[in-house]
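Numbering (the working numbering), first residue to last: -3 to 324. Positions of the beta carbon are idealized from the N, C-alpha and C atoms, including for glycine. A short worksheet on the structure shown next.
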Amino acid sequence: RSVNNFLMTGPKAYLIYSSSVAAGAQSGIEECKFQFAWDRWNCPERALQLSSHGGLRSANRETAFVHAISSAGVMYTLTRNCSLGDFDNCGCDDSRNGQLGGQGWLWGGCSDNVGFGEAISKQFVDALETGQDARAAMNLHNNEAGRKAVKGTMKRTCKCHGVSGSCTTQTCWLQLPEFREVGTYLKERYHKALKVDLLQGVGNSAASRGAIAETFSSISKKELVHLEDSPDYCLENKTLGLLGTEGRECLKRGKALSKWEKRSCRRLCGDCGLAVEERRAEMVSSCNCKFHWCCAVRCEQCRKRVTKYFCVRKENQLPGHRLPSVTA
Ligand SMILES: *[C@@H]1O[C@H](CO)[C@@H](O)[C@H](O)[C@H]1NC(C)=O
Ligand SMILES: *[C@@H]1O[C@H](CO)[C@@H](O)[C@H](O)[C@H]1NC(C)=O
């Protein structure tokens, strides 16, 4: 145990896990960009400052998501690394194997070792919060919500046993889902994030630290929590590092668009007082490729018309100002 403790906390821990932690944080960022591609706030680089000391200390719903998805990404990657045998000190979680799991099934096989991923990611990600104020408490809570999301979206996979495949007994194990599923789950949580009123009149005294701890301990660890309202993401705000939605692309027609995507022009342009501009372009690409024996592929050049939509300022509209939206 002491050896393990040393490995996790000593200088070597950094060497063993740092590439996985970095890869995990990166996958969190990519997932954030995917989930928010058609939102007014689209996970800009500026927002991805993780520690609460220094830099921009925003504490809104989007900050909550960034923390949750990053810590989920780190835990997910460490867990997957472990299952792939990338670390000497970790393997499958078989701690429950042989025990009854539910009606007609026993634990067995190789469960992904989320306990390992959770412990290591906690040490790396939570260590970035050195403060004791409400913002630090919020970040820690959302880091935890991210880890809970990974655990909560794991899937039970089973194998049948019995005479010629009759499934009289099964053994089951838990597997990580695709990371996309964790992202989608956290996006739903983001929409339901809870606002906690802790910024006013709370100093750094022991009493206020107690009040902060009490408030957060009464909220389920699955929930995302924020302290501030979000700024107006329609408008450019240089102080906050926000670009506004002018110039953004949006989606209108298309077969496989979700409801959310179909409304993106209204959300990004119309509701922000901007107009939608249609731009046509011609794309040339290879098509009708044929294989010639042997061994060449010859293709034709096909031209395809594509129509794209962008948010643009209306005539007479000053930059960074909203015209009242006109409803027809
Ligand atoms: C863990 O997995 C990530 C992503 O698949 C990879 O980049 C990283 O190098 C792996 N870490 C180790 C120690 O193998
Ligand atoms: C930028 O945001 C800050 C904080 O919300 C606000 O006080 C300020 O007025 C905004 N600036 C502009 C140009 O909208």
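> What whole-angstrom Cβ distance do LEU170 and LYS155 have, given they're in contact under 8 Å?
Replying inline: Translated into the one-based positions of the sequence shown, residue 170 becomes position 174. Translated into the one-based positions of the sequence shown, residue 155 becomes position 159. Actually they do not touch by this definition, with Cβ atoms about 13 Å apart.
> For SER117, which residues from the same chain have a beta carbon less than 8 Å from its beta carbon, with the 5 sequence-adjacent residues on both sides left out?
Replying inline: Locating residue 117 in the sequence shown gives position 121, where the first residue counts as 1. Around SER117: VAL17, GLY20, SER67, VAL70, MET71, LEU74, ARG143.
> Of the choices CYS268, ALA277, GLN128, whose alpha-carbon is the least far from that of ALA203?
Replying inline: Against the sequence shown, residue 203 aligns to sequence position 207. For ALA203, the nearest C-alpha among the options comes from GLN128.
> So, helix, strand or coil for MET134, using DSSP?
Replying inline: Here residue 134 is taken as the residue at index 138 of the sequence shown, counted from 1. DSSP places MET134 in helix when its eight states are reduced to three.
> So which residues put a beta carbon under 6 Å from any heavy atom of ligand 3, going in chain order?
Replying inline: Inclusion of ligand 3 in the displayed structure is not the case, the ligand content consisting of ligand 1 and ligand 2 alone.
>> Given the structure, does LEU236 come close to ligand 2, in the sense that its CB is under 7 Å from one of the ligand's heavy atoms?
In response: The residue labelled residue 236 in the question sits at position 240 within the sequence shown. Correct: LEU236 has its Cβ closer than 7 Å to ligand 2.
> Do HIS315 and ligand 2 come close, with the Cβ less than 7 Å from some heavy atom?
Replying inline: Here residue 315 refers to the residue found at position 319 when the sequence shown is read from its first residue. Checking the sequence, you will find Pro at residue 315 rather than His. Not so, every heavy atom of ligand 2 lies at least 7 Å from the Cβ.
>> For GLU140, tell me which candidate among GLY100, HIS157, SER54, LEU182 has the shortest Cα-Cα distance.
In response: Your numbering for residue 140 matches position 144 in the sequence shown. Of the candidates GLY100, HIS157, SER54, LEU182, the one whose C-alpha sits nearest the C-alpha of GLU140 is LEU182.
> Is it right to say PRO315 is buried, meaning 16 or more other beta carbons lie within 10 angstroms of its own, or is it exposed?
Replying inline: By one-based count along the sequence shown, residue 315 stands at place 319. By the neighbour-count rule (16 or more Cβ atoms within 10 Å), PRO315 is not buried but exposed.
>> According to DSSP, ASP89 sits in a beta bridge with which residue or residues?
In response: For the purposes of this step, residue 89 is taken as the residue at position 93 of the sequence shown. SER107, per the DSSP bridge assignment.
> Closer than 7 Å: is that where the CB of ASN56 sits relative to any heavy atom of ligand 2?
Replying inline: Within the sequence shown, numbered from 1, the residue matching residue 56 stands at position 60. Incorrect: ASN56 has no Cβ contact closer than 7 Å to ligand 2.
> For GLU177, which residues from the same chain have a beta carbon less than 6 Å from its beta carbon, with the 5 sequence-adjacent residues on both sides left out?
Replying inline: Against the sequence shown, residue 177 aligns to sequence position 181. THR149, listed in sequence order.
> First and last residue of the beta strand (DSSP E) that includes THR211?
Replying inline: As a position in the sequence shown, residue 211 is number 215, starting the count at 1. Careful: THR211 lies outside any beta strand (DSSP E), inside the alpha helix (DSSP H) at 202 to 213.
> In terms of residue numbering, what span does the beta strand (DSSP E) encompassing ASN284 cover?
Replying inline: Along the sequence shown, read from residue 1 onward, the residue named residue 284 stands at position 288. Counting along the chain, the beta strand (DSSP E) containing ASN284 begins and ends at 271 to 288.
> With respect to 7 Å, is the separation between the Cβ of LEU231 and the closest non-hydrogen atom of ligand 2 below this value?
Replying inline: Position 235 of the sequence shown, counted from the first residue, corresponds to residue 231. LEU231 Cβ: within cutoff of ligand 2.
> Opposite GLN297 in the DSSP bridges: which residues?
Replying inline: Position 301 of the sequence shown, counted from the first residue, corresponds to residue 297. According to DSSP, GLN297 bridges with SER282.
>> According to DSSP, is ARG309 part of a helix, a strand, or is it coil?
In response: Taking the first residue of the sequence shown as position 1, residue 309 is located at position 313. Coil, per DSSP.
> Given a threshold of 16 other Cβ atoms within 10 Å of its Cβ, counted over all protein chains shown, does MET134 qualify as buried or as exposed?
Replying inline: Sequence index remark: in the sequence shown, residue 134 carries index 138 (1-based). With 16 or more Cβ atoms within 10 Å of its Cβ, MET134 is classed as buried.
> What is the C-beta distance between LEU264 and ARG36, in whole angstroms, given that I count them as a contact (C-beta under 8 Å)?
Replying inline: For the purposes of this step, residue 264 is identified with residue 268 of the sequence shown, where counting begins at 1. For the purposes of this step, residue 36 is identified with residue 40 of the sequence shown, where counting begins at 1. Yes, they are in contact, since the Cβ atoms of LEU264 and ARG36 sit about 6 Å apart, within 8 Å.
>> One question on the structure: do CYS326 and GLU257 come within less than 8 Å of each other, judged by their Cβ atoms?
In response: Given that the chain is displayed from residue -3 to residue 324, the structure contains no residue 326 and the question cannot be resolved.
> Would you call the CB atoms of LEU172 and ALA64 closer than 8 Å?
Replying inline: Here residue 172 refers to the residue found at position 176 when the sequence shown is read from its first residue. Here residue 64 refers to the residue found at position 68 when the sequence shown is read from its first residue. For LEU172 and ALA64, no; Cβs fall outside 8 Å.
> What are the boundary residues of the alpha helix (DSSP H) that includes ARG152?
Replying inline: Position 156 of the sequence shown, counting from 1, holds the residue named residue 152. Per DSSP, ARG152 belongs to no alpha helix (DSSP H); it is in the beta strand (DSSP E), 151 to 157.
>> Using a 10 Å radius around the Cβ and a threshold of 16 neighbouring Cβ atoms, would you call HIS137 buried or exposed?
In response: Numbered from its first residue, the sequence shown carries residue 137 at position 141. Buried, since its Cβ has 16 or more Cβ neighbours within 10 Å.
> Is any heavy atom of ligand 2 found at a distance shorter than 7 Å from the C-beta of PRO227?
Replying inline: Walking along the sequence shown from the start, residue 227 turns up at place 231. PRO227 Cβ: within cutoff of ligand 2.
> For THR153 versus CYS168, is the C-beta spacing smaller than 8 Å?
Replying inline: Within the sequence shown, numbered from 1, the residue matching residue 153 stands at position 157. Within the sequence shown, numbered from 1, the residue matching residue 168 stands at position 172. Closer than 8 Å, so yes.
> DSSP state of THR323, grouped into three classes?
Replying inline: Looking up residue 323 in the sequence shown gives position 327. Low per-residue confidence applies at THR323: pLDDT is 45, beneath 50, and the placement is therefore not dependable, though the value from the model is reported in the following sentence. It is coil, neither helix nor strand.
>> At the level of alpha carbons, what is the spacing between TYR13 and ASN77?
In response: Here residue 13 is taken as the residue at index 17 of the sequence shown, counted from 1. Here residue 77 is taken as the residue at index 81 of the sequence shown, counted from 1. Distance between the alpha carbons of TYR13 and ASN77: 10 Å.
> Alpha carbon to alpha carbon, what distance is there between GLY113 and SER254?
Replying inline: Translated into positions along the sequence shown, residue 254 becomes position 258. Translated into positions along the sequence shown, residue 113 becomes position 117. Going by the C-alpha atoms only, they are around 33 Å apart.
> Buried or exposed: where does CYS261 fall if 16 or more other Cβ atoms within 10 Å of its Cβ makes it buried?
Replying inline: Numbered from its first residue, the sequence shown carries residue 261 at position 265. That one is buried.
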